[in-house]
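A.B. asks: The structure's right below; bear with me while I get my questions together.
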Amino acid sequence: MLNTLTQAFALITTWEVIIAIFAASVYGLVIGSLPGLSATMATALLVPVTFYLSPIAAIATIVAASTMAIFAGDIPGALLRIPGTPASAAYADEAYAMTRKGEAELALGAGVWFSAVGGIAGTLSLMILAPPLAEIALSFSTFEYFWLAFLGLMCATLVARSSPVKAIASMFIGLLVACIGIENPGGVPRFTFGMTNLFGGIEPIPALVGVFAVAQVMRAMLTPEPPPIPRRRFGSILAGQWKLTKKYNWQMTRGNIVGIIIGVLPGAGADMAAWVSYAMSKRFSKEPEKFGTGHVEGLVEAGASNNASIASGWVPSLLFGIPGDTIAAIAIGVLYMKGLNPGPTLFTEKASSMYAIYLMFIIANIIMIPLGIIMIRLASHVLRAPRATVMPVIMLCCAVGSFAIGNNIFGVVIVATFGVIGYVMEENGYPVAAMVLGIVMGTMIEQSFVTSLIKSDGSVLPFFERPIAAILAAMAIGALIWPVLVWVWRKLKRSPVPATSAR
Amino acid sequence: MSKKITRRAFAASSAAAAAVAGFGFKPALAQAYPSRPVTVIVPWGAGGGTDATARIVAALLEKDLGQPFNVVNRTGGSGVVGHSAIATAQPDGYTIGMLTVEISMMHWQGLTELAPKSYTPLALMNEDPPGIQVSSTSPYKTVKELADAIKAAPAGKFKASGTGQGGIWHLALVGWMQAMGLAPNHVAWVPSNGAAPAMQDLAAGGLDLTTCSVPEARAIIEAGKARSLAVMATARNPAFPDVPTLKEAMGIDYSTGAWRGIAGPKGLPAEVATKLTASLKKVYDSKEFKDFMSNRGFGTVWGDAAQFAAFMEKGDAQMGVAMKAAGLSKA
Chain F
1 MLNTLTQAFA LITTWEVIIA IFAASVYGLV IGSLPGLSAT MATALLVPVT FYLSPIAAIA
61 TIVAASTMAI FAGDIPGALL RIPGTPASAA YADEAYAMTR KGEAELALGA GVWFSAVGGI
121 AGTLSLMILA PPLAEIALSF STFEYFWLAF LGLMCATLVA RSSPVKAIAS MFIGLLVACI
181 GIENPGGVPR FTFGMTNLFG GIEPIPALVG VFAVAQVMRA MLTPEPPPIP RRRFGSILAG
241 QWKLTKKYNW QMTRGNIVGI IIGVLPGAGA DMAAWVSYAM SKRFSKEPEK FGTGHVEGLV
301 EAGASNNASI ASGWVPSLLF GIPGDTIAAI AIGVLYMKGL NPGPTLFTEK ASSMYAIYLM
361 FIIANIIMIP LGIIMIRLAS HVLRAPRATV MPVIMLCCAV GSFAIGNNIF GVVIVATFGV
421 IGYVMEENGY PVAAMVLGIV MGTMIEQSFV TSLIKSDGSV LPFFERPIAA ILAAMAIGAL
481 IWPVLVWVWR KLKRSPVPAT SAR
Chain V
1 MSKKITRRAF AASSAAAAAV AGFGFKPALA QAYPSRPVTV IVPWGAGGGT DATARIVAAL
61 LEKDLGQPFN VVNRTGGSGV VGHSAIATAQ PDGYTIGMLT VEISMMHWQG LTELAPKSYT
121 PLALMNEDPP GIQVSSTSPY KTVKELADAI KAAPAGKFKA SGTGQGGIWH LALVGWMQAM
181 GLAPNHVAWV PSNGAAPAMQ DLAAGGLDLT TCSVPEARAI IEAGKARSLA VMATARNPAF
241 PDVPTLKEAM GIDYSTGAWR GIAGPKGLPA EVATKLTASL KKVYDSKEFK DFMSNRGFGT
301 VWGDAAQFAA FMEKGDAQMG VAMKAAGLSK A
């Protein structure tokens with residue numbers, strides 16, 4: 001083991017690898033922090049570059065760029081209310097509210113600090129617990145995935161600040177959007193209107209960019225400039241994070257654990273981890289009424305959770321070649337291209353390469369702190385820049401980003417369409433984040449439900465018979481009827497306290 | 001003397017330059033192909049198997065022909081968008097692309113007008129036959145045992161997966177059922193979002209078998225969670241020498257596969273096509289290509305322009321039969 005570790009060190013301490021990690025980190029931070037450009041796009045654009053690198057350097061660029069880009073997605077989320085990934089969409093409102101309160105450095109500091117903590121916790125789980133975690137991943141069949149997706153969808157109402165009815169309505173619009181295309185269990189075109197481009201369906205990322213970034217630009221054009229945030233020096237970013245770590249230690253740990261578990265389940269990934277953790281944080285908080293008003297507690301838990309899930313998401317990728325999300329799918333392609341074929345032999349025959357990958361994760365998460373702070377400082381200038389300058393740049397990034405991912409002009413049309421949809425929804429009080437969650441979860445919930453019924457010949461019993469499915473079902477149904485029970489209980493006791501937790 | 005010639009040569013070359021500037025691309029055509037970078041369109045996303053194959057081919061073409069071959073991923077529309085971009089490109093040899101088996105399937109479903117005849121075939125590079133995998137806890141040790149159990153069981157009892165409804169591995173199952181004289185849907189198809197989730201569900205105990213290719217199942221097989229019982233091919237895969245063909249294991253002569261090849265838009269000039277096919281042959285024979293493909297477990301099959309055209313025509317007809325039988329065809 002020690003010998004392997006030394007070999008791993010030797011593998012990553014070459015100039016090529018060091019330069020690759022550093023350059024990819026800066027690249028990931030820049031792409032991730034530009035509204036409209038996503039972490040998936042950042043990773044996809046790296047593939048041609050990795051073709052010319054040595055295997056370890058190639059993996060290093062993917063690891064470093066994706067780690068940085070996921071965190072950097074929090075930056076425009078906090079400063080402009082334009083989340084960079086569906087994962088940061090869960091808490092973008094909260095972070096932006098903190099910025100409006102003049103606590104941008106605390107919000108972003110929490111982002112970088114707890115992302116790094118979560119990332120390292122996830123990496124440790126990958127190093128120590130890969131085999132048992134892989135067993136968890138392989139014990140999930142479509143029955144379990146159905147309940148998981150069901151629980152994920154319920155977070156829409158838990159997280160929303162608006163009325164739960166509007167949140168559910170938004171989520172259903174998202175589910176409807178997820179119906180588009182031919183990539184459904186029946187393999188038949190739905191809502192494509194004969195347009196070839198719609199066959200592949202609507203990806204969550206262009207929809208996310210549209211409803212947040214483009215809609216934000218539209219709002220900016222139609223509303224007067226908000227009162228400027230008091231001009232002052234951006235305070236220390238790391239100050240106070242240690243205090244938060246001690247105060248919210250349990251939330252952070254819970255975020256890490258939830259992130260690691262959701263991360264190893266292929267298909268769920270960082271997006272769902274952030275939503276579930278944010279919802280849990282609110283549900284179990286001592287002060288849930290503060291959520292949505294610029295309260296850091298949820299950011300701690302969700303930030304820790306989504307980065308933990310990225311590292312643990314490599315468990316099924318490395319052991320079985322099953323990608324956890326789109327980024328992992330690209331990473332697997334690079335692994336194959338470089339002769340590091342996923343599978344258990346990677347852990348035995350190429351153990352030093354494996355340890356090199358672990359080390360790169362840890363290094364990437366550590367250098368994320370100083371580089372992230374520099375990036376946050378640079379990005380904070382956007383708060384003082386005139387809106388008339390910022391908004392056209394955002395628009396340009398949206399157009400470039402949506403085109404670059406598939407070299408398809410239709411991507412730009414999708415982003416523009418969702419910009420209009422998002423604007424209309426927000427103006428009428430429908431939370432757009434819930435719609436994005438619906439799009440993310442829609443395919444999974446339909447696929448798992450329909451295929452489960454095919455497998456059970458139409459019987460619903462297996463949804464409750466398999467042990468893990470039964471536990472998840474109990475959780476989902478419990479969470480559904482809990483607010484009702486609370487309401488009935490309070491009615492019976494004639495308690496004057498309003499049912500705030502019923503959300 | 002030398003001065004004079006230089007001046008004359010200079011005058012001649014400036015005249016030539018003026019001609020190039022004045023008459024546009026006519027002199028450029030006379031130049032040897034390729035005289036500028038070539039775009040290679042891939043209808044699938046970066047990081048996938050098709051993308052990787054296209055990138056290694058492009059890199060080797062670049063080495064042979066001395067011009068950059070840039071891979072562009074034109075994704076969307078379940079592959080239709082990229083395939084359409086190859087077919088509708090200017091037939092000048094500066095836009096070519098990688099075709100995949102879907103081109104012989106999608107038109108039967110009425111999803112597109114595009115068919116193999118919409119292209120100038122250049123070379124077939126790869127074919128991966130479907131395998132038959134079961135979970136390591138499955139009682140069936142050979143494909144014969146599995147087939148007997150399937151025959152004895154009522155229709156729909158056995159569940160298989162590997163890709164979406166109407167995908168290549170679904171049609172492989174249909175073809176195998178028909179070759180055994182069973183109804184196309186005797187084994188129920190559970191659509192999945194690709195081979196990896198299907199293999200996961202197989203290991204999780206949710207399925208009886210998968211019909212994806214053996215390389216796609218490799219990681220799970222090596223993890224000891226699944227076994228491959230046979231391949232629906234004419235010969236064994238050298239990377240998996242222990243897996244017999246259907247013919248060896250149960251005397252059924254049925255083979256199909258997912259293939260990849262290089263083609264240009266219809267009406268490519270003959271000299272350009274000949275040159276590309278010759279260069280692709282060099283790529284195919286190169287050690288780099290062979291090493292790359294065998295490392296991934298991808299099968300290599302060579303077909304020149306005429307053979308590739310015949311191969312696609314035969315495959316197209318075979319797909320049509322299987323899709324009609326499975327009730328997936330609209331034609």
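One line per chain: the protein sequences are F and V, in this order. Here the first sequence is numbered in UniProt numbering, starting from 1 and rising by one per residue. Here the second sequence is numbered in UniProt numbering, starting from 1 and rising by one per residue. All residues carry an ideal CB built from backbone N, CA and C; glycine is no exception.
Buried or exposed, going by whether 16 or more other CB atoms sit within 10 Å of the CB of Ile481 of chain F?
C.D. replies: The residue is exposed, with fewer than 16 neighbouring Cβ atoms inside 10 Å.
A.B. asks: Provide the residue(s) that pair with Ile477 of chain F in DSSP beta bridges, ordered along the chain.
C.D. replies: None; Ile477 of chain F has no bridge partner.
A.B. asks: Spell out whether any CB of chain F is found under 9 Å from the CB atom of Ser213 of chain V.
C.D. replies: Answer no: the Cβ-Cβ gap between Ser213 of chain V and chain F never drops below 9 Å.
A.B. asks: Taking 9 Å as the CB-CB cut-off, is Gly315 of chain V touching chain F?
C.D. replies: Gly315 of chain V does not count as touching chain F.
A.B. asks: Taking the straight line between their C-alpha atoms, what separation do you get for residue 504 of chain F and Ile468 of chain F?
C.D. replies: Since the first residue shown for chain F is 1 and the last is 503, residue 504 of chain F is missing from the structure and cannot be characterised.
A.B. asks: Using a beta-carbon distance cut-off of less than 7 Å, what residues from the stretch 292-306 of chain V approach chain F?
C.D. replies: Here the close residues are Asn295, Arg296.
A.B. asks: Once DSSP output is grouped into helix, strand and coil, what is the label at Lys4 of chain V?
C.D. replies: Since pLDDT at Lys4 of chain V reaches only 44, below the 50 mark, its modelled position is unreliable, and no value is offered.
A.B. asks: Please state whether DSSP places Gly24 of chain V in a helix, a strand or coil.
C.D. replies: Note that Gly24 of chain V scores a pLDDT of 43, beneath 50, so its modelled location is shaky and nothing firm can be said.
A.B. asks: If the criterion is Cβ atoms closer than 9 Å, does the pair Ala205 of chain F and Pro86 of chain F meet it?
C.D. replies: Per the sequence shown, residue 205 of chain F should be read as Ile rather than Ala. Result yes, Cβ atoms of Ile205 of chain F and Pro86 of chain F sit closer than 9 Å.
A.B. asks: Taking C-beta pairs closer than 7 Å, name the residues in chain V that Thr142 of chain F reaches, listed in chain order.
C.D. replies: In chain order: Asp201, Gly206.
A.B. asks: Between F:Ser54, F:Ile120, F:Pro35, F:Gly118, which has its C-alpha nearest Ala78 of chain F's C-alpha?
C.D. replies: The shortest Cα separation from Ala78 of chain F among F:Ser54, F:Ile120, F:Pro35, F:Gly118 belongs to F:Pro35.
A.B. asks: What are the start and end residues of each continuous alpha helix (DSSP H) run of 4 or more residues lying completely inside the stretch 408-465 of chain F, in chain order?
C.D. replies: Listed in chain order, they are 410-427, 432-455, 462-465.
A.B. asks: Under 7 Å, CB to CB, which of the residues in the stretch 102-131 of chain V have a partner in chain F?
C.D. replies: Those residues of the stretch 102-131 of chain V that come within reach of chain F (Cβ to Cβ, closer than 7 Å) are Leu111, Thr112.
A.B. asks: Any Cβ of chain V within less than 9 Å of the Cβ of Asp457 of chain F?
C.D. replies: Interface residue, yes.
A.B. asks: Along the chain, where does the beta strand (DSSP E) that runs through Ser135 of chain V open and close?
C.D. replies: Note, Ser135 of chain V: beta strand (DSSP E), 131-135.
A.B. asks: Let me check understanding here. Comparing Cα to Cα, which of V:Gln307, V:Ala326, V:Ile132 lies closest to Ala123 of chain V?
C.D. replies: Out of V:Gln307, V:Ala326, V:Ile132, V:Gln307 has the C-alpha closest to the C-alpha of Ala123 of chain V.
A.B. asks: Please say whether Val81 of chain V and Asn197 of chain F have beta carbons closer to each other than 9 Å?
C.D. replies: Yes. Within cutoff.
A.B. asks: Please report the straight-line C-alpha distance between Ala89 of chain F and Gly79 of chain V, rounded to a whole angstrom.
C.D. replies: Between Ala89 of chain F and Gly79 of chain V, the C-alpha separation is close to 29 Å.
A.B. asks: Does any residue of chain A bring its CB to less than 9 Å from the CB of Ser329 of chain V?
C.D. replies: Absent here is chain A; the protein component of the structure consists of chains F and V.
A.B. asks: Mind checking Ile262 of chain V: buried by the 16 CB within 10 Å criterion, or exposed?
C.D. replies: Its Cβ being crowded by 16 or more others within 10 Å, Ile262 of chain V is buried.
A.B. asks: The beta strand (DSSP E) that contains Gly303 of chain V, what's its start and end?
C.D. replies: Here the beta strand (DSSP E) through Gly303 of chain V covers 300-303.
A.B. asks: Using a Cβ-Cβ cutoff of less than 6 Å, which residues in the same chain neighbour Ala60 of chain F once the five nearest sequence positions on both sides are dropped?
C.D. replies: Counting only Cβ-Cβ distances below 6 Å, and skipping sequence neighbours, we find Val17, Ala20, Ile21, Met360.
A.B. asks: For Asn193 of chain V and chain F, any beta-carbon pair shorter than 9 Å?
C.D. replies: Closer than 9 Å: yes.
A.B. asks: Nearest chain F C-beta to Thr75 of chain V closer than 9 Å, yes or no?
C.D. replies: Chain F contact via Cβ: present.
A.B. asks: Less than 9 Å between the C-beta atoms of Asp148 of chain V and Lys282 of chain V, yes or no?
C.D. replies: Contact flag unset, no.
A.B. asks: Identify, in the order they occur along the chain, each residue of the same chain with its Cβ nearer than 7 Å to the Cβ of Ser459 of chain F, setting aside the five sequence neighbours on each side.
C.D. replies: Excluding residues within five positions, none has a Cβ falling inside 7 Å.
A.B. asks: Can you check whether the CB of Thr75 of chain V is closer than 9 Å to the CB of Gly333 of chain F?
C.D. replies: Not a contact, by the Cβ cut-off of 9 Å.
A.B. asks: Could you give the residue range of the beta strand (DSSP E) that holds Ser161 of chain V?
C.D. replies: Note, Ser161 of chain V: beta strand (DSSP E), 159-161.
A.B. asks: Contact between the stretch 147-156 of chain F and the stretch 433-451 of chain F is defined here as three or more beta-carbon pairs at a separation below 8 Å; is this criterion met?
C.D. replies: Touching, per the Cβ criterion.
A.B. asks: Using a beta-carbon distance below 9 Å, is Phe410 of chain F in contact with chain V?
C.D. replies: With 9 Å as the cut-off, Phe410 of chain F counts as an interface residue toward chain V.
A.B. asks: Can you tell me the Cα-Cα spacing of Lys247 of chain V and Gln7 of chain F, whole angstroms?
C.D. replies: Approximately 47 Å, taken between the alpha carbons.
A.B. asks: So for Asp128 of chain V, helix, strand or coil by DSSP?
C.D. replies: Three-state result, Asp128 of chain V: strand.
A.B. asks: Where does Ile405 of chain F sit, in a helix, a strand or coil, going by DSSP?
C.D. replies: Looking at Ile405 of chain F - three-state DSSP - the assignment turns out to be coil, as it is neither helix nor strand.
A.B. asks: Flag this pair as touching only if the stretch 352-371 of chain F and the stretch 115-135 of chain F have three or more C-beta atom pairs under 8 Å; answer yes or no.
C.D. replies: Short answer: they touch.
A.B. asks: Per DSSP, which residues does Pro265 of chain V bridge with? Please list them.
C.D. replies: Pro265 of chain V pairs with V:Tyr119.
A.B. asks: Residues of chain F with CB under 8 Å from Glu222 of chain V, in chain order?
C.D. replies: What Glu222 of chain V touches in chain F: Gly343, Pro344, Thr345.
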